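> Got a structure for you, questions after.
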Amino acid sequence: MMMDAGGCVEQGKNIITAAKHVNNRVRYANKTIKKNNRSSSSCKKMRREAVFPRVPEVLQQLFVSCREIFKGPGTVPPASDVNKLRGILDKMKAGDVGLSKNLHFFKARGAVKGTPRVTCTTIYQCDEFSLCIFFLPEAAVIPLHNHPGMTVFSKLLLGTMHIKSYDWVDPIDTKNDTTPSPQLRLARLKANSAYTAPCDTSVLYPTTGGNIHEFTAVTPCAVLDVMGPPYSKDDGRDCSFYKDFPYWDHEDGGTRRVSEEEGECYGWLQEIEAPKGAEMDRIEYLGPQIK
10 MMMDAGGCVE QGKNIITAAK HVNNRVRYAN KTIKKNNRSS SSCKKMRREA
60 VFPRVPEVLQ QLFVSCREIF KGPGTVPPAS DVNKLRGILD KMKAGDVGLS
110 KNLHFFKARG AVKGTPRVTC TTIYQCDEFS LCIFFLPEAA VIPLHNHPGM
160 TVFSKLLLGT MHIKSYDWVD PIDTKNDTTP SPQLRLARLK ANSAYTAPCD
210 TSVLYPTTGG NIHEFTAVTP CAVLDVMGPP YSKDDGRDCS FYKDFPYWDH
260 EDGGTRRVSE EEGECYGWLQ EIEAPKGAEM DRIEYLGPQI K
């Protein structure tokens with residue numbers, strides 16, 4: 010993945026450091042900038058412009074709105090604020106965070122051997138919210154996982170991604186006669202489709218909207234996630250992973266009477282240990298610096 014000079018770059022004296030995608034990993038490559046005979050003042054101006062690229066208005070607007078809207082753990086933004094953030098994200102383009110569909114990462118085919126790994130970079134994070142970008146090579150998967158106590162906005166910036174998501178039928182984890190196994194919980198399927206950028210922003214809530222979801226890259230893609238509040242193991246918001254089973258694989262003895270067609274709208278979820286596919290590579294964000 011190679012970042013444009015107008016995007017994720019960091020300049021030293023005569024060196025620009027850029028993120029480059031190689032074999033589904035991200036490393037840093039150096040590119041030398043030739044000196045010229047311009048005046049000292051002109052060179053200083055160029056360095057200032059390169060080190061401090063102009064922040065796109067929509068990215069700054071997103072950041073400011075997040076600071077106003079997210080109030081910390083235990084709170085969910087009201088519908089008016091959700092619509093405001095969704096409206097901002099719907100306008101965002103890949104270039105607003107320094108990405109382009111012409112980057113090598115989004116054109117690579119068949120270069121990755123073994124299980125593709127996901128790469129993540131954090132634009133900003135505080136106790137109230139976080140802004141992160143996830144890069145998924147073709148066929149990479151972010152396994153089925155949850156967002157406890159969180160409201161999450163996902164904006165697909167580039168590529169095509171398949172999203173599968175569930176909500177618990179009973180949000181309260183209690184044992185009852187309709188559960189075929191204490192390790193299984195019934196969930197309602199909320200989404201099971203492929204999406205191609207540009208598309209509308211998706212929103213999930215602590216107990217609705219597809220809080221438990223899985224991302225699969227149909228093509229190399231990038232998705233921006235706004236999470237409020239972010240994951241925090243110390244605060245009880247650790248990530249859990251799940252394996253899903255078709256509803257008819259574990260019938261509940263007839264206590265829940267559904268038709269064959271309705272059964273397609275349900276699934277049984279079993280919590281599992283974090284799979285190997287959940288491991289991610291992390292890189293420094295070198296795009297426009299919001300403040």
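Heads up: the sequence shown begins at 10 in our numbering, then just goes up one per residue.
Even for Gly, the Cβ is constructed at its ideal location relative to N, Cα and C.
Every value quoted in this text rests on a predicted model; they were computed, and no experiment measured them.
What do you get for Val73, buried or exposed, if any count of 16 or more other CB atoms within 10 angstroms of its CB means buried?
By the 10 Å Cβ count, Val73 comes out exposed.
> Using the C-alpha atoms, what's the distance from Leu213 back to Leu140?
Looking at the two C-alpha atoms, the distance is approximately 15 Å.
> To which residues does DSSP link Leu213 through a beta bridge?
According to DSSP, Leu213 bridges with Val161.
> Quick check: Thr217 and Asp176, are their CB atoms within less than 7 Å of each other?
Yes, the Cβ-Cβ distance between Thr217 and Asp176 is below 7 Å.
> Under the three-state reduction of DSSP, which class applies to Glu282: helix, strand or coil?
It is coil, neither helix nor strand.
> Using a Cβ-Cβ cut-off of 6 Å (strictly less than) and excluding sequence neighbours within five positions of Ile78, which residues of its own chain qualify?
Closer than 6 Å at Cβ, skipping near neighbours: Pro86, Asp90.
> Counting along the chain, where does the alpha helix (DSSP H) carrying Lys100 start and finish?
88-100 is the extent of the alpha helix (DSSP H) around Lys100.
> Would you grab the beta carbon distance between Pro238 and Asp136 for me? Rounded to a whole angstrom, and I think it's under 8 Å.
Yes, they are in contact, since the Cβ atoms of Pro238 and Asp136 sit about 7 Å apart, within 8 Å.
> To the nearest angstrom, report how far apart Glu273 and Gly219 are at their CA atoms.
C-alpha separation (whole angstroms): 16 Å.
> Can you tell me whether Ala203 is buried or exposed, with buried defined as 16 or more other CB within 10 angstroms of its CB?
Result: exposed.
> Which residues mark the beginning and the end of the beta strand (DSSP E) in which Phe250 is found?
250-255 is the extent of the beta strand (DSSP E) around Phe250.
> Once you ignore the five residues that flank Pro82 on each side, which residues in its own chain have a CB closer than 7 Å to its CB?
If we look at Pro82 and ignore the five residues flanking it on each side, its Cβ neighbours are Gly158, Pro238, Asp244.
> Assuming Cys230 contacts Leu295 under a Cβ cut-off of 8 Å, what Cβ separation, rounded to an integer in Å, is found between them?
At roughly 20 Å, the Cβ-Cβ gap does not stay under 8 Å, so Cys230 and Leu295 are not in contact.
> Could you give the first and the last residue of the continuous alpha helix (DSSP H) run that contains Arg76?
Taken as a continuous stretch (DSSP letters only), the alpha helix (DSSP H) holding Arg76 covers 66-78.
> Within 10 Å of its beta-carbon, does Pro255 have 16 or more other beta-carbons around it, so buried, or fewer, so exposed?
The residue in question, Pro255, is exposed, as its Cβ has fewer than 16 Cβ neighbours within 10 Å.
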